[in-house]
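Protein chains in written order, with UniProt numbering: chain W, 1 to 159; chain B, 1 to 429.
We treat Cβ as the ideally placed atom computed from N, Cα and C, and that holds for glycine.
Values in this document were obtained by computation on a predicted structure and should not be read as measured data.
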Amino acid sequence: MNEAFVLDEELKNRLTALTNDYSTKLAALLPALNIIQDKFGFIPPEAEQQIAELLDIFPTQVREVTTFYSLFYNAPVGHHKIYVCYNLSCCIEGGGKLLHYLAKKLRVSVNETTRDGKFSLYRTPCTGACEKAPVIIVNGAYHYNVTPEYIDELLTKLG
Amino acid sequence: MAKEPIRILTKNWDIKNSNTIEAYIKNGGYKALEKAIKQMNPEQVMDEVKKSNLRGRGGAGFPAGVKWGFVPKDSDKLKYLCVNADEGEPGTFKDRYIMTLDPHMLLEGIAITSYAVGISAAYIYIRNEYIESIAILKTAIQEAKAKNYLGASILGSNFNLEIYVHRGAGAYIAGEETGLIESLEGKRAMPRIRPPFPAAVGVFNCPTVVNNVETIACVPSIIEHGGEWFAGIGVSKDGGTKLYAVSGHVNNPGVYELPVGTSLQKILYEHAGGIKGGELKAVIPGGISASVLAARECDIAMDCQSVAKAGSMLGSAGIIVMNNRVCMVEALFNIAEFYAEESCGQCTPCRSGSHWIKNILERILHGKGKTDDLEIMLSFIPGIMGRTICAFGDALCGPVQSFITKFRDEFEYHIIEGKCNIRNKLDIL
Chain W
1 MNEAFVLDEE
11 LKNRLTALTN
21 DYSTKLAALL
31 PALNIIQDKF
41 GFIPPEAEQQ
51 IAELLDIFPT
61 QVREVTTFYS
71 LFYNAPVGHH
81 KIYVCYNLSC
91 CIEGGGKLLH
101 YLAKKLRVSV
111 NETTRDGKFS
121 LYRTPCTGAC
131 EKAPVIIVNG
141 AYHYNVTPEY
151 IDELLTKLG
Chain B
1 MAKEPIRILT
11 KNWDIKNSNT
21 IEAYIKNGGY
31 KALEKAIKQM
41 NPEQVMDEVK
51 KSNLRGRGGA
61 GFPAGVKWGF
71 VPKDSDKLKY
81 LCVNADEGEP
91 GTFKDRYIMT
101 LDPHMLLEGI
111 AITSYAVGIS
121 AAYIYIRNEY
131 IESIAILKTA
141 IQEAKAKNYL
151 GASILGSNFN
161 LEIYVHRGAG
171 AYIAGEETGL
181 IESLEGKRAM
191 PRIRPPFPAA
201 VGVFNCPTVV
211 NNVETIACVP
221 SIIEHGGEWF
231 AGIGVSKDGG
241 TKLYAVSGHV
251 NNPGVYELPV
261 GTSLQKILYE
271 HAGGIKGGEL
281 KAVIPGGISA
291 SVLAARECDI
301 AMDCQSVAKA
311 GSMLGSAGII
321 VMNNRVCMVE
331 ALFNIAEFYA
341 EESCGQCTPC
351 RSGSHWIKNI
361 LERILHGKGK
371 TDDLEIMLSF
381 IPGIMGRTIC
391 AFGDALCGPV
401 QSFITKFRDE
411 FEYHIIEGKC
421 NIRNKLDIL
C-alpha cells in the first residue's frame with residue numbers, strides 16, 4: 001500500500017456500531033478486524049492504530065490479537081487466497097498431495113504469494129467438511145472432493 | 001429400541017427450504033418455546049433437561065442440565081449464553097449441518113435455554129470459515145425476531161433475548177470454553193484457570209453457560225416430548241440421539257443421526273457403507289483428540305461411558321476411519337503437527353511438548369529415527385498430562401500414546417529400516 005491507510009467515516013460508523021452488541025468495546029475487536037480484512041484483504045498497521053483509538057484500547061491489544069489468530073494477515077496477500085484443508089480426513093484422501101500439486105503449479109511454498117500477487121497458498125487445519133474430503137477453500141468458498149484436474153480448471157478460471 | 005429411525009436433529013433436513021422460518025413453523029417449530037414460556041416456569045424447563053440425560057455434544061460430555069444448574073440464581077449480574085459453533089476438532093462437521101439446514105432449531109433451543117437460565121443475551125461463536133452458516137443464522141435471527149420468537153417481550157411474556165453471531169478468526173483453542181470466552185471478549189483465545197468456572201464467572205465477568213450447537217439443538221425436542229422420552233432413546237445417563245459424523249475410508253461418509261450408544265460396527269457398515277479401499281485398520285471415534293482404536297477394538301457402543309471404557313472418548317463423535325493402506329506414523333505426524341501449530345503457547349508442557357513430539361515423528365518419517373525415540377515420546381506424556389490449564393495437552397497425549405502402543409511395530413519398522421512398508425504415502429512432509 002502506497003497511500004496511508006485511513007478508516008473512512010462509513011467504516012468508522014460500522015465499527016463503532018459493533019460495540020452495541022457487547023458490554024465492552026474490546027469485544028468488538030474481532031468483528032472489527034474481520035470487517036477490515038474482508039474489505040482490504042489484510043489488516044494494515046495503520047488500521048490497527050485507528051481501530052485501537054476507536055475502541056479505546058492500546059494498539060498492542062490489537063497486535064496481540066492479529067498475531068494470534070491464523071486467519072488475520074499483517075501484510076498484503078494474494079488476490080486469491082487458497083486454503084488446502086490439512087486434517088487427517090483430508091490428508092488420507094489426498095489433501096497433502098493437493099497441497100504439493102498447488103505449490104508446484106503456482107511455484108510457491110506454503111504461506112507464500114505468487115510473484116504477480118494473484119495467489120496465496122495456505123494449508124489450514126480442519127475446515128469442518130471432512131465428509132467431502134479433500135477440501136479446499138478459495139476466497140471463502142468451499143470446494144469439495146477436489147482432484148488435481150479440478151485444480152487445473154479452477155486456476156484457469158481464476159486466471 | 002424403536003424400529004423406525006428416530007429423527008430429532010435431522011427431522012427437517014430433507015424438507016425444501018428447511019432453513020426458512022416458514023418451513024420450520026410448518027413442521028411444528030417454535031411450539032416448544034411457546035410451551036416453555038406459557039406453560040412452564042424456568043425451573044421446570046431445567047428439570048426436564050436434567051431428566052433427559054442430555055450430555056454436552058461438544059466433546060466433554062458433561063450433563064447439560066447440571067451445567068445450567070451451576071449458574072447462581074441469586075446473582076444480580078447479567079447472565080450470558082455462549083453457543084460454541086467453533087467446530088474445530090478435526091473430523092467433526094455436524095454443527096455445520098444443523099446451522100445450514102435447520103438454524104431455527106438452534107435458535108429455538110437458545111431461546112428455551114435462555115428462558116430456563118434467565119439469560120437475555122446469547123452469542124453464537126462461529127468459526128471464521130463458516131460464511132454460509134453465518135449468513136443463514138443472521139437471516140434466521142431476523143425472521144425469528146419479526147415473529148417475536150426473539151427480541152423484546154417474547155410471545156407476550158416479560159422474557160427478552162438478543163442473539164448475536166460472533167465470527168472467529170482461526171484458532172482451534174477458541175473452541176475450548178474458556179478460550180472461547182477470552183476470544184469473545186476480544187483477546188487471544190487463551191484458556192482460563194478454573195475455578196472459577198464460567199457458570200460463576202464467564203464472559204464479561206458474568207455467569208455464563210457455554211454449550212455446543214448440537215447440545216442446544218436437542219432442547220426443543222426435550223421440551224416438546226419430555227425429558228423422560230429423550231432419556232429413553234439413548235443409554236443410561238446418556239440420552240437422546242447423536243449426530244455421528246463419519247469421514248475417511250468409508251463408502252458413504254456423512255452425518256448419521258442414531259440413538260446414543262449405537263454400535264460402531266453398525267454405524268460403519270450399515271450406515272456409512274462399509275470400508276473403502278482396503279481392510280479396516282483403525283478408527284478414531286471422537287475427533288483427533290480421541291485415542292485411536294485398532295480394528296479389533298471397534299466392537300463398541302458409541303456412548304460416553306462405553307467409549308471411555310474402551311480407552312478412548314466419544315468426544316465430538318467425529319469418526320475418522322482408516323484402512324490398511326494408511327501409515328500410522330504419518331497419521332500420528334499429521335495429528336502432532338496440528339497440535340504443535342494450534343497450541344496457544346500459554347503452558348510450557350503443551351507448547352514445548354507438542355513441538356518435541358512433532359519433531360521426533362518428523363525425523364522418524366525422514367528415516368532418521370533413533371532406537372529410543374518411541375520411549376522418549378512416551379516419556380513426555382506424564383509431563384504434559386494434567387499439567388496444563390486446559391485439556392488441550394491431554395488431548396495431544398491420547399493419540400500419541402495410543403498410536404505408538406497399538407501400532408508399535410510400524411513405528412519400529414520406520415526407525416530400524418528408515419522407510420515405510422506401506423506404499424500409499426500421504427505426501428505430508
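Would you mind sorting residue i into buried or exposed? The rule is 16 or more other CB atoms within 10 Å of its CB.
{"i": "F333/B", "result": "buried"}
{"i": "E87/B", "result": "buried"}
{"i": "N41/B", "result": "exposed"}
{"i": "M1/W", "result": "For M1/W, the predicted structure reports a pLDDT of 47, less than 50, and the residue's modelled location is therefore unreliable. A value from the coordinates is still provided. Exposed, because fewer than 16 other Cβ atoms sit within 10 Å of the Cβ of M1/W."}
{"i": "G261/B", "result": "buried"}
{"i": "V6/W", "result": "exposed"}
{"i": "K77/B", "result": "exposed"}
{"i": "T67/W", "result": "exposed"}
{"i": "T156/W", "result": "exposed"}
{"i": "R127/B", "result": "buried"}
{"i": "R296/B", "result": "exposed"}
{"i": "N139/W", "result": "exposed"}
{"i": "I98/B", "result": "buried"}
{"i": "E43/B", "result": "exposed"}
{"i": "G59/B", "result": "buried"}
{"i": "L429/B", "result": "exposed"}
Where DSSP assigns a beta bridge to residue i, which residues make up the other side?
{"i": "C82/B", "result": "Y123/B, V210/B"}
{"i": "V165/B", "result": "I124/B"}
{"i": "H366/B", "result": "Answer is none; H366/B lacks a bridge partner."}
{"i": "E10/W", "result": "Bridge partners of E10/W: none, in fact."}
{"i": "residue 160/W", "result": "Within the shown structure, residues of chain W are numbered from 1 to 159, placing residue 160/W beyond reach of any answer."}
{"i": "N205/B", "result": "Answer is none; N205/B lacks a bridge partner."}
{"i": "I15/B", "result": "DSSP output for I15/B lists no bridge partner at all."}
{"i": "S263/B", "result": "A301/B"}
{"i": "L293/B", "result": "V283/B"}
Excluding the five sequence neighbours on either side, which residues of its own chain have a C-beta within less than 8 Å of the C-beta of residue i, listed in chain order?
{"i": "L268/B", "result": "V246, V250, G274, I275, L280, V283, C298, I319, V321"}
{"i": "V374/B", "result": "Residue 374/B is actually Leu in this sequence, not Val. Here the set comprises I404, R408, F411, E412, I415."}
{"i": "M46/B", "result": "G65, W68, G69, A116, V117"}
{"i": "G418/B", "result": "G367, K368, G369"}
{"i": "L154/W", "result": "V138, H143"}
Excluding the 5 residues preceding and the 5 following residue i in the sequence, name in chain order all residues of the same chain whose CB lies nearer than 7 Å to its CB.
{"i": "M1/B", "result": "Confidence at M1/B is low in this model, with a pLDDT of 48, below 50, so the placement of that residue is unreliable and no value is reported for it."}
{"i": "T10/B", "result": "E257"}
{"i": "L361/B", "result": "V329, L332, F333, A336"}
{"i": "G95/W", "result": "V84, C85, Y86, A133, P134"}
{"i": "I222/B", "result": "E48, V49, S52, L54, F230"}
{"i": "I35/W", "result": "R14, L15"}
{"i": "T92/B", "result": "A245, G287, S316, G318"}
{"i": "Q50/W", "result": "L7"}
{"i": "F72/W", "result": "L33, Q37, I43, T66"}
{"i": "I112/B", "result": "A32, L33, A36, V45, V219, P220, I223"}
Following the continuous beta strand (DSSP E) through residue i, name the residue where it begins and the one where it ends.
{"i": "A282/B", "result": "280-284"}
{"i": "T241/B", "result": "241-248"}
{"i": "A146/B", "result": "No beta strand (DSSP E) holds A146/B; the alpha helix (DSSP H) holding it covers 131-146."}
{"i": "N158/B", "result": "That residue, N158/B, is in no beta strand (DSSP E); it is neither H nor E in DSSP."}
{"i": "E257/B", "result": "254-259"}
{"i": "V85/W", "result": "In the sequence under discussion, the amino acid at residue 85/W is Cys, which differs from the Val named in the question. Here the beta strand (DSSP E) through C85/W covers 80-85."}
{"i": "H143/W", "result": "141-143"}
{"i": "N34/W", "result": "Not the beta strand (DSSP E): N34/W falls in the alpha helix (DSSP H), residues 29-40."}
Could you pull out every residue in the same chain whose Cβ sits closer than 6 Å to the Cβ of residue i, ignoring the five residues on either side in sequence?
{"i": "C390/B", "result": "E176, P191"}
{"i": "E324/B", "result": "Reading the sequence as shown, one finds Asn at residue 324/B and not Glu. Counting only Cβ-Cβ distances below 6 Å, and skipping sequence neighbours, we find G278, E279, K281."}
{"i": "G151/B", "result": "K145"}
{"i": "P103/B", "result": "N19, I136, L137, A140"}
{"i": "K39/W", "result": "none"}
{"i": "Y30/B", "result": "E108, Y149"}
With residue i as the anchor, note down where its alpha helix (DSSP H) starts and where it stops.
{"i": "P103/B", "result": "103-117"}
{"i": "L426/B", "result": "Counting along the chain, L426/B falls outside any alpha helix (DSSP H), and DSSP gives it neither H nor E."}
{"i": "C347/B", "result": "From DSSP, C347/B is part of no alpha helix (DSSP H); its letter is neither H nor E."}
{"i": "V45/B", "result": "42-51"}
{"i": "V400/B", "result": "392-406"}
Legend entry - Sufficient close CB pairs (3 or more, under 8 Å) joining the segment 232-241 of chain B to the segment 303-311 of chain B: For the pair of segments examined, the segment 232-241 of chain B was found to touch the segment 303-311 of chain B: the number of CB pairs separated by less than 8 Å reaches three.
Legend entry - Stretch-stretch touch, CB-based, cutoff 8 Å, three pairs: the segment 59-68 of chain W with the segment 93-111 of chain W: Output reads no: the segment 93-111 of chain W does not touch the segment 59-68 of chain W.
Inset, instruction - Pair every Cβ in the segment 145-157 of chain W with every Cβ in the segment 98-118 of chain B, then say whether three or more of these pairs are closer than 8 Å. - result: Not touching, per the Cβ criterion.
Legend entry - Segment contact flag, the segment 195-212 of chain B with the segment 163-181 of chain B, C-beta cutoff 8 Å, min 3 pairs: Contact between the segment 195-212 of chain B and the segment 163-181 of chain B is established, with three or more Cβ pairs separated by less than 8 Å.
Inset, instruction - Check whether the segment 112-122 of chain W touches the segment 72-88 of chain W, taking contact to mean three or more Cβ pairs, one atom from each stretch, closer than 8 Å. - result: The segment 112-122 of chain W vs the segment 72-88 of chain W: in contact.
Inset, instruction - Mind the definition here: the segment 184-198 of chain B touches the segment 26-38 of chain W only if three or more C-beta pairs lie below 8 Å; say whether that holds. - result: With a cut-off of 8 Å, the segment 26-38 of chain W and the segment 184-198 of chain B count as touching, because enough Cβ pairs lie within range.
Legend entry - Cβ pair count under 8 Å reaching 3, the segment 371-388 of chain B against the segment 349-361 of chain B: Taking 8 Å as the limit for Cβ pairs, the verdict is that the segment 349-361 of chain B does touch the segment 371-388 of chain B.
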